[in-house]
Amino acid sequence: MEIKAPDAFSGGKTPSFEESARESLADAQLRRNLGKATQTIRAKRAVAVEEMPDWEQLREAGRALKSRTLRHLDEYLLQLEESVKRAGGQVHWARDAEEANGIIAGIAKSHEAKEVVKVKSIATDETKLNEHLESEGIEAFETDLAELIIQLAGETSSHILVPAIHKNRSEIRELFMQKLGARDLSDDPPDLANVARLYLREKFLKAKVGISGANFAVAETGTVCVVESEGNGRMCTTLPPVLVTLMGIEKVIPTWRDYEVFMQLLPRSSTAERMNPYTSFWTGVSEGDGPQEFHLVLMDNGRTEVLDDEIGRQTLNCIRCSACLNVCPVYERTGGHAYNSVYPGPIGAILTPQLVGIGKPGSDSLPYASSLCGACYEVCPVKINIPEVLIHLRGKVVRHKQDEGGIKGKLDPENVAMKAMAKTFSDRRLYEGAQRAARIGQWPLARGGAIHRLPGRLAGWTEARELRPVPEQTFREWWRSRNGSAEGPGS
Amino acid sequence: MLRGIGAWIPDGEKGSTLRVALFITCFNDTLFPETGRATVEVLERLGVRVDFPLEQTCCGQMHFNTGYQREAIPLVRRFVDVFKNYDAVVAPSGSCVGMVRELYPMAAELAHDKRLAADVEELAPKVFELSEFLVNKLEVTNVGAYYPHRVTYHPTCHSLRMLKVGDAPLKLLRAVDGMDLVELPEAKECCGFGGTFAVKNADTSIAMLSDKLRHVLGTEAEVCTAGDNSCLMHIGGGLKRQRAGVRAVHLAEILASEATEERK
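Order-wise, the sequence lines are chains G and H. Going letter by letter, the first sequence gives residues -9 to 481 in our numbering. Going letter by letter, the second sequence gives residues 24 to 287 in our numbering.
Here you go:
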């Protein structure tokens, strides 16, 4: 397993999806862990959704609410700022990851905090906040059980909701014995949780600063919401005297009432629960209760660029439920690390390249990490048409390569082949000529009624599949021989 | 939604007054001509007069889905020109029909061509995948086929989730005489073909295929069928490489099979 490999958000050059997937696919234990976990949660989700008579209307409501909010994002964000300030909180605007990290580190330093506790937040993974805090001499402790596991292991998350989905319990037992000094530990989940609980309690009580992300924030009231399962979020947001929340600007929702829709959609889609165990809401600060200082950091980091794209912008509807990961046949086999991003799976394949921008070899491969089977779109609670966005982004990747890739982009073998084929298909005579040429040209490859090995870039096909040779007669040749050359009214 | 061609065609004539074009797809034309012949056979058996406009080439799906969308636009225009004067266009391929019905509007938008967009809007609803044309439009489920084999059916992703053909193919298969139809476990899971995905991400594609083959072999079927030869070329290619002794056969060919072998 690659440890702390550069990802799409860390600035370094990342491997392509195909390269990373090849490694993951060879890991039999990983395949087993993932297959078991995704199949279980996918079956549970189907049951949780089936019992809702108005699920399709809820999805449509979720989509409509999100797209309306995004259309007026500027207004809702200003309203949110106003509401949070009114409730005694402070609001910071961060253009990018660097600014966000700087603001958060500044707050921690102003309180002389050497340790901070964190509730799971992908936004902070996106900005590499932990690494930044470390460089400033501040240690960040992840308190979500799975986040703790991967932090101890020095790995990165491989799932939006279940970051350690790639690990099984005996692997976790070993890790806890090694890193937390636990002895006589069984691999029973309650035993494992107890070890983590003891370790974390101490951190919660000592930390001066808690850091969270946000599932939602209500513009109307300034209320921020974190949805979780373990109670660690509740502790992070209530025990330390200072609370900092980092939130992507697309997480705002207009009114308190909108929770009606999202609180039905999110738990059922993510954990297959009717309601998740802990939902924390806080509005600014309350005297004598909970944190006495609250900072909300509103971060762009590429999101307004996404908003500018008419087809791509629906990506910002995402409520991070991870239903698309659990049904994705590609994710199920490669796992999350192959995506080289804090956002794996189908949603990551469309979100990552848009946030970091088209034209980066690593993340440009992500829109191709899909067979376009459409299972993700079917389950998405806010109806993001992921296959449509994937296809749209593939177009952007190719146009970027053609228009800005110079002579290398133009001479790319795929580009040359695609252009030649498009020309062939644009003329019936060229097309029919190519059919005849294929029949004649395949003779060195075809043996005993099958092609066993293709050359060059097509070799991937014949690694595990035979290819049928071009038959003696095309359909149109048969048609002509049967019907003379009678043609229909369209020609 | 239109309910059945039968409603607007006099009894006994069925599709004979309709101008129905066969959209063979470049893939079937070149690699699987027998599927095209079978499609013609089934349609003619049901009284449909089939035209095959020879100017047709490729719908542009491969280009469009791989990102070569500017290159696909002339193919979209060509398709619309060739087929726009027909009452119905039928293709033995879920994914090519999906391209026309679901993605042509996006292509027209990309081309900034309002006229093309209007033509697409008019043509797209008249383009049908074979099983939905037979079951939903002609309202036929028994096409008089005889196929004495153990068969399992793989619903392809584009027919299932894009075109939503539902159980139309299964209705047709259940009516086939002599056939032992067995359910495929995890049938709705993608086989891993995915067009150029099969080559660009060959390792992942093969990993998906190996699970599909495991399920197919588990049914002990002799034939795996589907409505798309692209997925079948992938599944069948894997079966053949494994020397599994199981064939991949297009739905149209099963429907075209008859008890007597006299006609040809």
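In this text, a Cβ means the ideal position worked out from N, Cα and C, and glycines have one as well.
Determine which residues share a DSSP beta bridge with residue i and list them.
i	result
T175(H)	V205(H) and C247(H)
L457(G)	I441(G)
C215(G)	F206(G) and F271(G)
M185(H)	Note: M185(H) sits in no beta bridge, so no partner.
K373(G)	Looking at the DSSP assignment, K373(G) forms no beta bridge with any residue, so it has no partner.
Y169(H)	D200(H)
K56(G)	Partner(s): none; K56(G) has no beta bridge.
I243(G)	V208(G)
F50(H)	Answer is none; F50(H) lacks a bridge partner.
H273(H)	A249(H)
In terms of residue numbering, what span does the beta strand (DSSP E) encompassing residue i cover?
i	result
V232(G)	V232 to G238
Q432(G)	Note, Q432(G): premise wrong, no beta strand (DSSP E); not H, not E.
F131(G)	E129 to E132
W468(G)	Not the beta strand (DSSP E): W468(G) falls in the alpha helix (DSSP H), residues F465 to N473.
E503(G)	No answer is possible for residue 503(G): it lies beyond the span of chain G, which begins at -9 and ends at 481.
H82(G)	Q80 to A84
Provide the residue span of the alpha helix (DSSP H) that contains residue i, from first to last.
i	result
K26(G)	A18 to E40
A140(H)	K137 to L146
V346(G)	G335 to V346
R42(H)	Per DSSP, R42(H) belongs to no alpha helix (DSSP H) and is neither H nor E.
F106(H)	Q92 to F106
K400(G)	G396 to L401
K193(G)	P179 to K196
Cβ of residue i within 7 Å of Cβ of residue j?
i	j	result
I376(G)	P336(G)	yes
S182(H)	E152(H)	yes
A(-2)(G)	S353(G)	yes
L448(G)	V222(H)	yes
L60(G)	L306(G)	yes
H442(G)	V287(G)	no
V232(G)	H122(G)	no
V372(G)	R53(G)	yes
F7(G)	L383(G)	no
L256(G)	L48(G)	no
G325(G)	S14(G)	yes
T117(G)	A87(G)	yes
T464(G)	D52(H)	yes
V460(G)	R429(G)	yes
G223(G)	S270(G)	yes
Between the options, which lies nearest to residue i when the distance is taken from Cα to Cα?
i	options	result
F102(H)	I277(H), D142(H), G90(H) and V71(H)	D142(H)
L135(G)	A103(G), N184(G), N91(G) and S125(G)	N184(G)
S57(G)	V242(G), V369(G) and S276(G)	V242(G)
A95(H)	V460(G), K196(G) and F415(G)	F415(G)
L161(H)	F46(H), S280(H), K263(H) and V65(H)	V65(H)
V73(H)	P128(H), I277(H), V113(H) and N88(H)	V113(H)
L186(H)	L240(H), M85(H), A244(H) and P148(H)	P148(H)
V174(H)	K263(H), G241(H), E57(H) and N88(H)	G241(H)
L41(H)	A249(H), N108(H) and M231(H)	N108(H)
L146(H)	I258(H), T164(H) and F106(H)	F106(H)
A84(G)	N222(G), A113(G) and R466(G)	A113(G)
H156(G)	Y189(G), K400(G), P230(G) and N23(G)	N23(G)
V379(G)	K400(G), P343(G), P351(G) and A410(G)	P343(G)
E456(G)	A279(H), L193(H), G259(H) and C247(H)	G259(H)
Use the C-beta contact count for residue i: other C-beta atoms within 10 angstroms, 16 or more gives buried, fewer gives exposed.
i	result
D110(H)	exposed
T30(G)	exposed
Y4(H)	The requested residue 4(H) does not occur in the structure, where chain H is confined to residues 24 to 287.
W433(G)	exposed
G201(H)	exposed
L68(G)	exposed
T245(G)	exposed
Q282(G)	exposed
H62(G)	exposed
K3(G)	exposed
M265(G)	exposed
I277(H)	buried
G261(H)	buried
Y329(G)	buried
P33(H)	For P33(H), the predicted model reports a pLDDT of 39, less than 50, meaning its position is unreliable and no value from the coordinates is stated.
N120(G)	buried
A365(G)	buried
A275(H)	buried
A410(G)	exposed
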